[in-house]
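Undergrad: For the sequence shown, the tail end lands on 725 under the numbering used here, and the numbers increase by one without skipping.
Cβ atoms here follow ideal geometry from the backbone N, Cα and C, with glycine treated the same way.
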Amino acid sequence: MNHRLPLHILIHLCLLFYGCENYDHSSQPSAEKGTAQLHFDKAINAKASGEILSHLNLALESVESSHDTLIPLLLDYKIYYHSSFREPDSAFYFSDSLISWAIKKKDTVNLALGQYRKSRVHFQLGDHEQVFRDAFESRRLSLLIGDSTSAGQRSLEMSLAQSRLGDHTGSQESATEALRFLNNNKDSLYISSAYNNIAISYRLQDFYDDAEKEYLNALKFASRKSDSLVYLNNLALVLQEKGDYARSVRILEGIIAGEGLEPVSKARYLDNLYYTKWLWDPEINVEKDLLEAMELRKDHNDREGLLASYSHLVEYYNEKNPAEAEKYSRLLLENSRKFGNTSGELQALKYLVTIAPGNTRWTNEYIVLNDSLNRAQLLARNIFAKIKFDEERKQQEIDNLESQRAFQLLEAKRLRNRNLIFFLMGLLVILLLFFLIYYFRQRHKKEKIMEIHKTESRISKVIHDELANDIFNVMSSLETLAPVPVIDRLERIYLRTRDISRENREPDTGDSYFKSMISTLSNNIPENSRLIIKGENTLDWNKLAEERKVIIYRVLQELMVNMKKHSKAKLVALSFSKAGKYLYINYSDTGIGIHGEVLEKGAGLQNVENRIFSLNGSIKFESEAGKGYKVHIKIPV
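As structure tokens, then:
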């Protein structure tokens, strides 16, 4: 059985995955042309590393505002190039700068990018625990902004970190989770890598049938020839471990028959092919082929590949030539320690314990290292589980705080709404009180107007029924006794009394209101004068309130009386018009006019004003001696 190759394939996958990283700057935001942008353009077009970084530094120094969208782009380029030039400290510094800028600007996209860049630098340094932490946080942020593709890629990197530290079950879970986020039509490169990683996890746990199935899925989604060859090689190794040597050999021979293989890849495939052939038929002589593959790896400084070749040669020589087997076991141990490969070191000690069973040194070192690796793998599983638990608990606490804040905001809103309701209710009560006060005042005003009207009507009736009749009876009884001048004076008093009664009698406020009013006004016109009416149809007189009808009647009547007493007008005009909520009445005559003193002090005109003001209306008098007399009335209806 091959105990060394799984590690070799895993390491190769790590390098392949890192090498497949696409750095797409075209998706980054652009900035207006300026000094910073010009230096950035020069950095992109430069070839020498020093020149690139120099222009990027000048671009950062030239940025005038912290709000400039060029800042995250420049920081990202700085991280990328420092990482490419193996300058981790600088890469970390600018990663932290990008994260700080994104936090201040509440820019989740660049915050996720900063965490991702940090994970790649940690990957270069072999700190896979921190790779997992940063990738986990970047994935969380990507999910917040709905970037499922980035979330899937970060899940795949988490899977790779777990696999590197021996947490194969966790690696499988993370890779499976990655498949949930990736799009079959757009993310085939990462989907194939996820299936490959799942297959590796199955294989390292000896679930060969499941591993074979997942390698076939990886091949189905492979979009590059180099990836397909890697997956085919991995599939061949699974078949080898299952004992299906015929299929394994056919796959490896098909790979080698292809064109354009790089020397390192060709050495790997040749080594696997002849090792599988030997497992299929232990009598076959593949010594020369295995040694040739080893030398090819030496020539191209393939350190991980050399460990695989040493492992295969140990197993090949184990029974045929124990001295050679021990030689390659020691080489495997020496190079594993040199390269820091603890899995290879453990495998070499295991070979040495088998080859030299009496040497307790190898046995003790094997036991100590095996226990150490088991503890490290257990610790890794616990660490990854704890990281997930801590992050999920932290997110839960954040969610709880947000829920509490939302509840507090809701409670505050409820209190505000309650206070608003109380305020509105109070305002409604106040408005209702004002309305009631206004309503009762208006009703009182109407009642007062109507009471005045009734009082006038009663006075008119008393004057007519009692005073006028008494004067007429006295005048009749004295007609034969008193001199004619006295009788004439009594008659004039009687006629004046009758006119006063007629002027103050109760008007008709029913359907014939306007006709009745015009008839009354016409009777007040002297015989040699003329009354002109205009615009009487602009208002529906039936809809006019009773108290308004009475006041209009009395006001116009008062104007006619004044005209008859003072004006000597030959022509009197009344015009009616309605605009909005107001009725406009304009009176004019061609009389001698009224002197200012009369305008100011006349009792009749004062009554006119008072009546109009009682309706919240307005009245304006215009007159000059010899130029007639005008009155403008405005009444709300």
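CB-CB under 6 Å to Val352, same chain, minus the five flanking residues each way: which ones, in chain order?
TA: Counted from its first residue, the sequence shown places residue 352 at position 264. These residues qualify, in order along the chain: His388, Asp390.
Undergrad: Curious, which full-length alpha helix (DSSP H) runs of at least 4 residues does the stretch 591 to 621 contain?
TA: The stretch 591 to 621 contains these whole alpha helix (DSSP H) runs: 601 to 611.
Undergrad: Comparing alpha-carbon positions, which option in Ala324, Leu662, Arg699 lies nearest Lys718?
TA: Looking up residue 718 in the sequence shown gives position 630. When only C-alpha atoms are compared, the closest one is Leu662.
Undergrad: Nearest by alpha-carbon distance to Tyr404: which of Thr364, Leu384, Glu383 is it?
TA: Start at 1 with the first residue of the sequence shown, and residue 404 comes out as number 316. If we check each option's Cα against that of Tyr404, Thr364 comes out closest.
Undergrad: Does the stretch 325 to 344 come close enough to the stretch 375 to 384 that 3 or more CB-CB pairs lie under 8 Å?
TA: With a cut-off of 8 Å, the stretch 325 to 344 and the stretch 375 to 384 do not count as touching, because too few Cβ pairs lie within range.
Undergrad: With distances taken between CB atoms, is the gap from Asn695 to Pro724 smaller than 9 Å?
TA: By 1-based counting over the sequence shown, the position of residue 695 is 607. By 1-based counting over the sequence shown, the position of residue 724 is 636. In this structure, Pro724 does not lie closer than 9 Å to Asn695 by Cβ.
Undergrad: Using the Cβ count rule (16 or more neighbours within 10 Å means buried), how would you classify Tyr526?
TA: Residue numbering aside, residue 526 sits at position 438 when the sequence shown is read from its first letter. Exposed, by the Cβ-count rule.
Undergrad: Please classify Leu434: does DSSP put it in a helix, a strand, or coil?
TA: To locate residue 434, count along the sequence shown from 1; it is residue 346. The answer is helix: DSSP assigns Leu434 an H, G or I state.
Undergrad: Report the partner residues of Asn674 according to the DSSP bridge assignment.
TA: As a first step, residue 674 must be located in the sequence shown, where it is residue number 586. DSSP lists Ser663, His720 as partners of Asn674.
Undergrad: Give me the Cβ distance between Leu186 and Asp164, rounded to the nearest whole Å; I'm assuming they're in contact under 8 Å.
TA: Working through the sequence shown from its first residue, we reach residue 186 at position 98. Working through the sequence shown from its first residue, we reach residue 164 at position 76. Their Cβ separation, rounded to whole angstroms, is 6 Å, which keeps Leu186 and Asp164 in contact under 8 Å.
Undergrad: Whole angstroms is fine: what's the gap from Ser243's alpha carbon to Leu270's?
TA: As a working mapping, residue 243 is identified with position 155 in the sequence shown. As a working mapping, residue 270 is identified with position 182 in the sequence shown. Those two C-alpha atoms are separated by around 10 Å.
Undergrad: Helix or strand or just coil, what does DSSP make of Ile509?
TA: Numbered from 1 along the sequence shown, position 421 holds the residue referred to as residue 509. Helix.
Undergrad: Using a threshold of 9 Å, state whether the C-beta atoms of Leu327 and Arg335 are closer than that.
TA: Counting from 1 along the sequence shown, the entry for residue 327 is found at position 239. Counting from 1 along the sequence shown, the entry for residue 335 is found at position 247. For Leu327 and Arg335, yes; Cβs fall inside 9 Å.
Undergrad: Per DSSP, what kind of secondary structure is Gly714 in: helix, strand or coil?
TA: Here residue 714 refers to the residue found at position 626 of the sequence shown. If DSSP states are grouped into helix, strand and coil, Gly714 belongs with coil.
Undergrad: Output needed for Leu632: all residues of its chain with C-beta closer than 7 Å, excluding positions within five of it in sequence on either side, in chain order.
TA: For the purposes of this step, residue 632 is taken as residue 544 along the sequence shown, with counting starting at 1. Answer for Leu632: Val725, listed in chain order.
Undergrad: Look at the Cβ atom of Glu225, then the Cβ atom of Gln241, and state whether they are nearer than 9 Å.
TA: Sequence index remark: in the sequence shown, residue 225 carries index 137 (1-based). Sequence index remark: in the sequence shown, residue 241 carries index 153 (1-based). No, they are not a contact pair.
Undergrad: Could you give the DSSP three-state label for Asn110: helix, strand or coil?
TA: For the purposes of this step, residue 110 is identified with residue 22 of the sequence shown, where counting begins at 1. Any reading at Asn110 must be qualified, since the residue scores a pLDDT of 40, below 50, and its modelled position is unreliable; no value is offered.
Undergrad: Hey, out of Glu371, Asn612, Glu712, Asp177, whose CA is closest to Lys652's CA?
TA: Stepping through the sequence shown from its first residue, residue 652 is reached at position 564. If we check each option's Cα against that of Lys652, Asn612 comes out closest.
Undergrad: What does a CB cutoff of less than 6 Å around Asp222 pick up in its chain, not counting 5 residues either side in sequence?
TA: Within the sequence shown, residue 222 is the residue found at index 134, counting from 1. Within the same chain, Asp222 has close Cβ partners Gln203, Lys206, Ser207.
Undergrad: Between Asp275, Gln212, Glu697, which has its C-alpha nearest Asp235's C-alpha?
TA: Position 147 of the sequence shown, counting from 1, holds the residue named residue 235. Ranking Asp275, Gln212, Glu697 by Cα distance to Asp235 puts Asp275 first.
Undergrad: Verify whether the separation of the beta carbon atoms of Tyr398 and Ala436 is less than 9 Å.
TA: The residue you call residue 398 lines up with position 310 of the sequence shown. The residue you call residue 436 lines up with position 348 of the sequence shown. Cβ distance < 9 Å, so Tyr398 and Ala436 count as in contact.
Undergrad: To which residues does DSSP link Phe295 through a beta bridge?
TA: In the sequence shown, the residue the question calls residue 295 occupies position 207. BP columns for Phe295 are empty, so no partner.
Undergrad: Are the CB atoms of Ile581 and Val643 nearer to each other than 9 Å?
TA: Mapped onto the sequence shown, residue 581 falls at position 493. Mapped onto the sequence shown, residue 643 falls at position 555. No, the Cβ-Cβ distance between Ile581 and Val643 is not below 9 Å.
Undergrad: Output the boundary residues of the alpha helix (DSSP H) element that contains Phe182.
TA: Start at 1 with the first residue of the sequence shown, and residue 182 comes out as number 94. Phe182 -> alpha helix (DSSP H) spans 176 to 193.
Undergrad: Keeping to the same chain, check which residues put their C-beta closer than 6 Å to that of Ala124; ignore five residues upstream and five downstream.
TA: By 1-based counting over the sequence shown, the position of residue 124 is 36. Excluding positions up to five away in sequence, the list reads Ala147, Ser150, Val151, Leu158.
Undergrad: When we look at the beta-carbon of Ile640 and count the other beta-carbons within 10 Å, is it buried (16 or more) or exposed?
TA: For the purposes of this step, residue 640 is identified with residue 552 of the sequence shown, where counting begins at 1. The residue in question, Ile640, is buried, as its Cβ has 16 or more Cβ neighbours within 10 Å.
Undergrad: Identify the residues that DSSP records as bridge partners of Ile707: which are they?
TA: The residue you call residue 707 lines up with position 619 of the sequence shown. DSSP output for Ile707 lists Ile721 as bridge partner(s).
Undergrad: Taking the alpha carbon of Gly393 as the reference point, which residue from Phe128, Ile140, Asp359, Gly122 has its own alpha carbon closest?
TA: Here the question's residue 393 lines up with position 305 in the sequence shown. The shortest C-alpha separation from Gly393 is found at Asp359.
Undergrad: Rounded to the nearest angstrom, what separates Glu412 and Arg227 at their Cα positions?
TA: As a first step, residue 412 is located in the sequence shown; it is residue number 324 there, counting from the start. As a first step, residue 227 is located in the sequence shown; it is residue number 139 there, counting from the start. Taking the straight line from one Cα to the other gives about 50 Å.
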